[in-house]
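With the UniProt record's numbering applied, the sequence shown has no gaps in its numbers, which climb one by one up to 266 at the end. Ideal Cβ positions, reconstructed from N, Cα and C, are used throughout, including at glycine. Only one structure is covered here, and it is reproduced in the block below.
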Amino acid sequence: MTQELSPCIRTVNVMRYVTPLREGGSMPAIVEADDDFMYVVKFRGAGQGIKALIAELIGGEIARALGLKIPEIVFANLDASLGRTEPDEEIQDLLKASVGLNLAVHYLSRAITYDPTVTTIEPLLASKVVWLDCLLTNVDRTARNTNMLMWNKELWLIDHGACLYFHHNWTNWEEQSKRPFVQVKDHVLLPQASELAAVDALFKPILTEERIRAIVGLVPSEWLTFNVENETAEERREVYIQFLLTRIANSAIFLNEAQHARQSLI
1 MTQELSPCIR
11 TVNVMRYVTP
21 LREGGSMPAI
31 VEADDDFMYV
41 VKFRGAGQGI
51 KALIAELIGG
61 EIARALGLKI
71 PEIVFANLDA
81 SLGRTEPDEE
91 IQDLLKASVG
101 LNLAVHYLSR
111 AITYDPTVTT
121 IEPLLASKVV
131 WLDCLLTNVD
141 RTARNTNMLM
151 WNKELWLIDH
161 GACLYFHHNW
171 TNWEEQSKRP
181 FVQVKDHVLL
191 PQASELAAVD
201 ALFKPILTEE
211 RIRAIVGLVP
221 SEWLTFNVEN
231 ETAEERREVY
241 IQFLLTRIAN
251 SAIFLNEAQH
261 ARQSLI
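Listed below in structure tokens is the structure:
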């Protein structure tokens with residue numbers, strides 16, 4: 001099942017900082033929100049900045065639209081008062097720099113990191129994840145850092161902040177939209193991904209222009225214009241839309257790259 005065409009993202013208020021997740025380069029943390037649920041927050045003031053939040057939101061909601069399992073994504077409001085009682089200076093500075101709207105995902109209690117030496121993913125699901133990451137140019141799903149969890153015996157995808165890396169070098173986005181994804185050779189699920197052509201035929205009709213526009217439309221305008229001069233939020237939003245639509249239309253480029261990379265492994 002795919003998600004509804006116009007996804008809705010809830011907004012919660014962070015009430016309590018619980019614990020940092022120091023294995024993450026951007027220092028995400030587990031927090032409690034005013035709906036009494038626990039979330040993993042990605043902070044706007046972290047080193048990877050707001051672009052990581054944009055990639056997390058777009059990447060995660062595209063994955064959800066394709067029927068893959070993603071924890072609920074929410075906007076997380078952070079009040080200036082939250083960091084005043086934090087004894088750790090580094091965390092205090094991070095919270096001060098992150099006042100306002102951040103991004104969070106529902107915390108999957110007792111989930112365990114996917115380990116390819118323990119669990120084998122069936123070929124169709126593996127192919128779906130590989131295709132998704134080729135579309136999103138996600139460099140962060142390797143054996144060293146799988147960014148997948150096993151929860152209730154099912155595979156859940158997390159952490160899409162490294163996707164869409166074209167937006168770190170904005171000027172040649174059109175050229176980048178048609179490039180093969182050469183890093184697919186390091187994808188942890190590539191050896192099992194024997195159904196890539198079938199997935200390509202399945203996924204492309206789902207990712208219509210209307211659906212892509214609805215997902216990219218979720219990105220707050222203030223994120224799109226942060227530290228940006230001479231461009232409006234809608235101009236930036238349109239680049240994300242056109243980048244994704246171009247990659248979808250030219251999926252044969254990254255599909256062939258993935259298939260060739262897989263052949264060299266098996």
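Requested in this report: Please name the residue, chosen from R213, T11, I158, T117, that lies closest to Q242 on a Cα-to-Cα basis.
Outcome: Per the Cα distances, R213.
Requested in this report: Taking only runs that begin and end inside the region 52-132, name each unbroken alpha helix (DSSP H) of 4 or more residues, in chain order.
Outcome: The qualifying runs are 89-97.
Report task. Would you tell me roughly how many angstroms separate the C-alpha atoms of E222 and A233, rounded to the nearest one? Result -> Using only the alpha carbons, I get a separation of about 7 Å.
Requested in this report: Identify the continuous beta strand (DSSP E) that holds E30 and give its terminal residues.
Outcome: A quick correction: the sequence has Ile, not Glu, at residue 30. Here the beta strand (DSSP E) through I30 covers 29-33.
Query raised in the report: Among T171, L255, E72, G45, which has the Cα closest to the Cα of L57?
Result: The option with the nearest alpha carbon to L57 is E72.
Report task. Kindly confirm or deny that the region 156-173 and the region 48-64 touch, where touching means at least three C-beta pairs closer than 8 Å. Result -> The region 48-64 and the region 156-173 touch, with three or more beta-carbon pairs separated by less than 8 Å.
Query raised in the report: Who are the Cβ neighbours of Y240 in its own chain at under 6 Å, not counting the five residues just before and after it?
Result: Residues of the same chain with a CB within less than 6 Å of the CB of Y240, apart from the 5 flanking positions on each side, are V216 in chain order.
Query raised in the report: Less than 8 Å separating the beta-carbons of A29 and L21?
Result: In this structure, A29 places its C-beta atom within 8 Å of the C-beta atom of L21.
Query - Boundaries of the alpha helix (DSSP H) in which L207 is found, first to last residue - result: It is not in any alpha helix (DSSP H) - L207 carries neither H nor E in the DSSP assignment.
Report task. Report all residues from its chain with a CB closer than 6 Å to the CB of T2; omit the five preceding and five following residues, and keep chain order. Result -> With a pLDDT of 46 at T2, under the threshold of 50, the predicted position of this residue should be treated as unreliable, though the coordinate-derived value follows. Within the same chain, T2 has close Cβ partners A65, G67, I206.
Query raised in the report: T113 and L149 look like a contact to me (Cβ under 8 Å); what is the Cβ gap, rounded to whole Å?
Result: With a Cβ gap of about 6 Å, T113 and L149 count as contacting.
Query raised in the report: Where does A55 land, buried or exposed, given buried means 16+ other C-beta within 10 angstroms?
Result: Buried, by the Cβ-count rule.
Query raised in the report: Between V31 and V40, what straight-line distance do the alpha-carbon atoms span, to the nearest angstrom?
Result: Spanning the alpha carbons of V31 and V40 requires a straight line of approximately 6 Å.
Query - Segment contact, 8 Å Cβ cut-off, at least three pairs: the region 93-102 with the region 122-135 - result: The region 93-102 vs the region 122-135: no contact.
Query raised in the report: How should W170 be labelled, buried or exposed, when 16 other C-beta atoms within 10 angstroms of its C-beta is the threshold for buried?
Result: Exposed: under 16 other Cβ atoms inside 10 Å.
Query raised in the report: Expressed to the nearest angstrom, what Euclidean distance is found between the alpha-carbon atoms of A198 and L82?
Result: The alpha-carbon separation between A198 and L82 amounts to approximately 48 Å.
Query - According to DSSP, residues forming a beta bridge with E154 - result: Here E154 is bridged, per DSSP, to W151.
Query raised in the report: Just the Cα atoms here: how many angstroms apart are D140 and N147?
Result: Pairing D140 with N147, the inter-Cα distance amounts to about 7 Å.
Query raised in the report: Less than 8 Å separating the beta-carbons of S194 and T246?
Result: Not closer than 8 Å, so no.
Query raised in the report: When you compare only the Cα positions, how much space is there between M38 and Q263?
Result: The straight-line gap from Cα to Cα measures roughly 42 Å.
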